[in-house]
Each structure stands twice: as C-alpha cells, then as structure tokens.
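Numbering (the working numbering), first residue to last: -14 to 205. We put the beta carbon where it would ideally sit given N, CA and C, even for glycine. If you're wondering where the values come from, they're calculated on a predicted model, not measured in any experiment. For reference, the structure is listed below as structure tokens.
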Amino acid sequence: GAILAVVVNYFYKLFPFCSDKSKHYIKLPILRMWYKVIFASIPAGVIGLLFDDVMEKLFFTPFVVALMLILYGIFFILLENKNRGKRFKITNIDRLPYRTAFGIGLFQVLALIPGTSRSGATILGAMILGCSRTVSAEFTFFLAIPAMFGASLLKLFKFGLTFTGMEMAILSVGIIVSFVVSLIVIKFLMQYIKKHDFKVFGYYRIILGIIVLLYFFLVK
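Here it is in structure tokens:
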C-alpha cells in the first residue's frame, strides 16, 4: 500500500517513458535517477537476504526497538541543530552523485535493526552526506520502492501463498488503509519540511520509545 502511494504521488517523477501524438522518448534524468536507486539498493538487498532472519532473532525485542526509537530521535535533533542555517550541497535530486546515492544505500542497511526505521536511517544518512531535506525525503521514498517491494515478496514467499478468504480480506483492507494514509502523509511531509526541520520527528521518536519502555517494563 505504501509503495503504491509513492508511485501514484510521484508518477511523473518516476515514469521515464513519454508518449504523445507527435513523438515518443525516454526522459533521461528519470532513467538516471532509477539507476541511482538500483545502485543504492544493492547493500540492503544483499545484506537483507543474508541476515534478515538473524537480525530479527537477535534484536527483535521491546528494549532494542525502544532504544533505536530514542537513539534515532536524538540523532535527528543533534543533526538539525548542527545544520541550522547551513546550505546543503545537493538541492536537486537530478544532481545526486552515484557515490552519495550508494552512501545513502549503506545507511539503509541499518534498518535491519528493529526499531530503526528505514526512512529515518536513509533521511539521516542523506542529510549527513549533504542532501537537502527535500532531496533526502524524495530519494528515501524512491528507494523504498525496490526495498519494500522486495521485502514484501520475501515475506510472502516465506509465509507461503496459501491464504484463506478471511486472510486475503484482512490483507486487502490493510493495503487499502496503508495506501490512503501514506498518500496523505507523503503530501503532508513534503509540505511540512519546506518550512520546518525534522526535529519534531526526533521528539516524537523519543517520546514513543519511552512509552514502549514503560509499557513493557512496568505494565507488562
């Protein structure tokens, strides 16, 4: 659902083929962007296939999830404080170098640790590497297409393709809700970061992490 929302929201920035009554052509900047997305997807694709199950078994605990929520919240706040008034080197996704794209892909690998957040890791990584907030967010969304599509297929094959009617209905409802919510959130986020920084998301992660800790260590 979230992948479909990204594709719908950014269709004209993602679809490289143009066809009208007079001519047919390929939009080379979009094609180059896809090359960068594929190049950046290699680290998480390889390491995810090899170690995804291992990472879940080792680190999928309430403490690790809460710790990652809090840590990345702190990282967001510290990075935004450091970047206050700073001019970013890369302000247009068309000018994103392959080297930087691959570096962002390396940050995506950190999302294998539960609680990290794939988008949080890649946005932080992109900003550390000199990308503006808008470029960081957009490339993160584009990078999600192969990452989430691949992860979804992997989970489907591990689970098995034998769904009952009720399971299919539940899955379909989940996809639809995810699609609608993601459409709204993507549009809101891109408008928000034009005038604000990511600090509010840092505070949100810290508060959520503390709630998770309190729930599992005091309530449970």
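**Request:** Using DSSP bridges, identify the partner residues of Q2.
**Result:** According to the sequence displayed, residue 2 carries Phe and not Gln. According to DSSP, F2 bridges with I11.
**Message:** Are the CB atoms of V49 and I108 within a distance shorter than 9 Å?
**Reply:** no
**Message:** Would N77 and V120 qualify as a contact pair, given that the criterion is a beta-carbon distance under 9 Å?
**Reply:** yes
**Asked** Of all the options S102, F(-4), I75 and Y83, which has the alpha carbon lying nearest to the alpha carbon of G187?
**Response** S102
**Asked** Any idea which residues DSSP pairs I206 with across the strands?
**Response** Within the shown structure, residues of the chain are numbered from -14 to 205, placing residue 206 beyond reach of any answer.
**Request:** Note down, one range per segment and in chain order, each beta strand (DSSP E) of at least 3 residues found wholly within the region 44 to 95.
**Result:** none
**Message:** Whole angstroms are fine: how far does the CA of K172 sit from the CA of A132?
**Reply:** 21 Å
**Request:** Hey, could you find the ends of the alpha helix (DSSP H) V166 is sitting in?
**Result:** G150 to Y177
**Item:** Any chain D beta carbon closer than 9 Å to T85
**Value:** Any reference to chain D falls outside this structure, which holds one protein chain only.
**Message:** Within 8 Å, do at least three Cβ pairs link the region 60 to 74 to the region 22 to 31?
**Reply:** no
**Asked** Is it true that the CB of P14 sits closer than 9 Å to the CB of D79?
**Response** yes
**9 Å Cβ cutoff met for V165 and A(-10)** = yes
**Message:** Considering just the uninterrupted stretch of the alpha helix (DSSP H) at L198, what are its terminal residues?
**Reply:** K184 to L199
**Message:** How far does the alpha helix (DSSP H) with I98 in it extend, from its first residue to its last?
**Reply:** Run containing I98: none; DSSP gives neither H nor E here.
**Prompt:** Whose CA, out of F73, I113, Y83 and I160, lies closest to the CA of F92?
**Reply:** I113
**Request:** Note down, in chain order, each residue of its chain lying with its Cβ closer than 7 Å to the Cβ of F44, except the 5 sequence neighbours on either side.
**Result:** I98 and P99
**Local Cβ density within 10 Å of L34, reported as buried at 16 or more and exposed below that** = exposed
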